[in-house]
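Heads up: the sequence shown at position 120 corresponds to 264 in our numbering, and the numbers run straight through without jumps. No residue lacks a Cβ here, since even glycine has one placed at the ideal position from N, Cα and C. Predicted, not measured: the structure shown is a model, and the values here were computed from it.
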Amino acid sequence: MTGPLLADKTAVITGAAQGIGYAIAERFIAEGARVIIGDIDGAAAEAAADKLGGATVARGVRCDVTVADEVQALLDAAAESFSPVDVMINNAGITRDATMRKMTEDQFDQVIAVHLKGTWNGTRLAGAVMRERGNGAIVNMSSLSGKIGLPGQTNYSAAKAGIVGLSKAAAKELAHLGVRVNAIQPGLIRTAMTEAMPQKVWDQKMAEIPLGRAGEIDEIATVALFLASDMSSYMTGTVLEVTGGRFM
Numbered sequence: 145m146t147g148p149l150l151a152d153k154t155a156v157i158t159g160a161a162q163g164i165g166y167a168i169a170e171r172f173i174a175e176g177a178r179v180i181i182g183d184i185d186g187a188a189a190e191a192a193a194d195k196l197g198g199a200t201v202a203r204g205v206r207c208d209v210t211v212a213d214e215v216q217a218l219l220d221a222a223a224e225s226f227s228p229v230d231v232m233i234n235n236a237g238i239t240r241d242a243t244m245r246k247m248t249e250d251q252f253d254q255v256i257a258v259h260l261k262g263t264w265n266g267t268r269l270a271g272a273v274m275r276e277r278g279n280g281a282i283v284n285m286s287s288l289s290g291k292i293g294l295p296g297q298t299n300y301s302a303a304k305a306g307i308v309g310l311s312k313a314a315a316k317e318l319a320h321l322g323v324r325v326n327a328i329q330p331g332l333i334r335t336a337m338t339e340a341m342p343q344k345v346w347d348q349k350m351a352e353i354p355l356g357r358a359g360e361i362d363e364i365a366t367v368a369l370f371l372a373s374d375m376s377s378y379m380t381g382t383v384l385e386v387t388g389g390r391f392m
């Protein structure tokens, strides 16, 4: 394969004002894509787009992924600014960690809504655009927590496991239309969120990782690039663990 992997492709990435989403946007632009940055914080989304190179390659749009109309508006912005969506990355997420005994219904509902309903909205609406065009790649962000279940995360583990089932079902529905749907399960990745952990918890997690270190956000971005590009043209309904071997 020659040339940039995503030349002339338009990618929509949710939760992309910072962290993993931003790293994916940066990597995609380096490979020739134009990117729509969706984020619940509209000002942060716009600032991220400016930092990534401005209007010719990136646009920031406020988006609450739990609201279908706002996800549709994000996809409409892609078509208006660049071209109809070729790659959809459903990355937006929140945590509301607490043991079941202490977790409120609201904390459960919020996490399920953002992760699971948000991913469903993104997959369903991007899939509708892609099926008309006969191709496209959707990448959904699950988590190792969805494979093994982590204490204090009944909401998050349930949502992230749900994303796997959703991705596989959607992959079966869209495959004959030329649209691929895959998922990524990151393990312990060094972000502002994970670095806020107490040292004892961090050390305990590190002890579970055969590669002996936390992952970097770009190590998720390169896997997203692989799934978004034609390098993975014969892959759909798969779940790629990017975990350093933790809980394999």
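Residue range of the alpha helix (DSSP H) that includes residue i
i      : result
Leu318 : Thr298 to Leu318
Arg203 : Careful: Arg203 lies outside any alpha helix (DSSP H), inside the beta strand (DSSP E) at Ala202 to Arg206.
Gly293 : Taken as a continuous stretch (DSSP letters only), Gly293 belongs to no alpha helix (DSSP H), as it is neither H nor E.
Val166 : For the record, residue 166 in the displayed sequence is Tyr; it is not Val. Residues Gly163 to Ala174.
Val345 : Gln343 to Met350
Thr338 : Ala336 to Glu339
Met417 : With the chain represented from 145 up to 392, any question about residue 417 goes unanswered, as that position is not in the structure.
Leu269 : Gly262 to Arg277
Phe252 : Glu249 to Val255
Environment of residue i [buried if 16+ CB atoms lie within 10 Å]
i      : result
Ser377 : exposed
Phe391 : exposed
Ile307 : buried
Thr158 : buried
Lys261 : buried
Ile292 : exposed
Asp374 : exposed
Gly356 : exposed
Gly389 : exposed
Val367 : buried
Val345 : exposed
Gly204 : buried
Alpha-carbon spacing of residue i relative to residue j, whole angstroms
i      : j      : result
Ala191 : Val255 : 26 Å
Gly147 : Thr387 : 29 Å
Thr380 : Pro228 : 21 Å
Thr154 : Ala236 : 18 Å
Leu196 : Glu170 : 7 Å
Ile353 : Glu224 : 44 Å
Ile173 : Ala221 : 17 Å
Ala351 : Arg275 : 44 Å
Val325 : Asp152 : 20 Å
Gly186 : Phe226 : 19 Å
Asn284 : Glu385 : 12 Å
Thr263 : Asp183 : 14 Å
Ser287 : Asp253 : 18 Å
Leu310 : Pro342 : 33 Å
Gly322 : Ala202 : 26 Å
Arg178 : Leu149 : 12 Å
Gly280 : Val383 : 17 Å
Enclosing beta strand (DSSP E) for residue i [first to last residue]
i      : result
Met232 : Val231 to Asn234
Thr154 : Thr154 to Thr158
Ile465 : In the structure as shown, the chain starts at 145 and stops at 392, and residue 465 therefore has no counterpart that could be examined.
Glu360 : Per DSSP, Glu360 belongs to no beta strand (DSSP E) and is neither H nor E.
Leu384 : Val383 to Val386
Asp183 : Arg178 to Asp183
Arg324 : Val323 to Pro330
6 Å Cβ shell around residue i - same chain, five flanking residues per side excluded
i      : result
Ala257 : Thr210
Met232 : Val156, Gly266, Ala270 and Ile282
Ala365 : Ala167, Ile168 and Arg171
Lys312 : Gly381
Leu371 : Val283 and Asn326
Heavy atom of the ligand COA within 7 Å of residue i beta-carbon
i      : result
Ala177 : No copy of the ligand COA appears in this structure; indeed no ligand is present at all.
Close beta carbons around residue i, own chain, < 7 Å, minus the five adjacent residues each side
i      : result
Lys349 : Leu332
Asn265 : Val209, Ala212 and Val215
Tyr166 : Ala160 and Ala192
Gly290 : Ser301, Lys304, Ala305, Ile307, Val308 and Gln329
Leu219 : Val156, Val229, Leu269, Ala270 and Val273
Leu294 : Ser301
Cutoff 8 Å; reference residue i; Cβ partners in own chain excluding five residues on either side
i      : result
Gln251 : Arg240, Ala242 and Asn299
Gly163 : Thr335, Ala336, Met337 and Ile361
Gln297 : Thr239, Asp241 and Ser289
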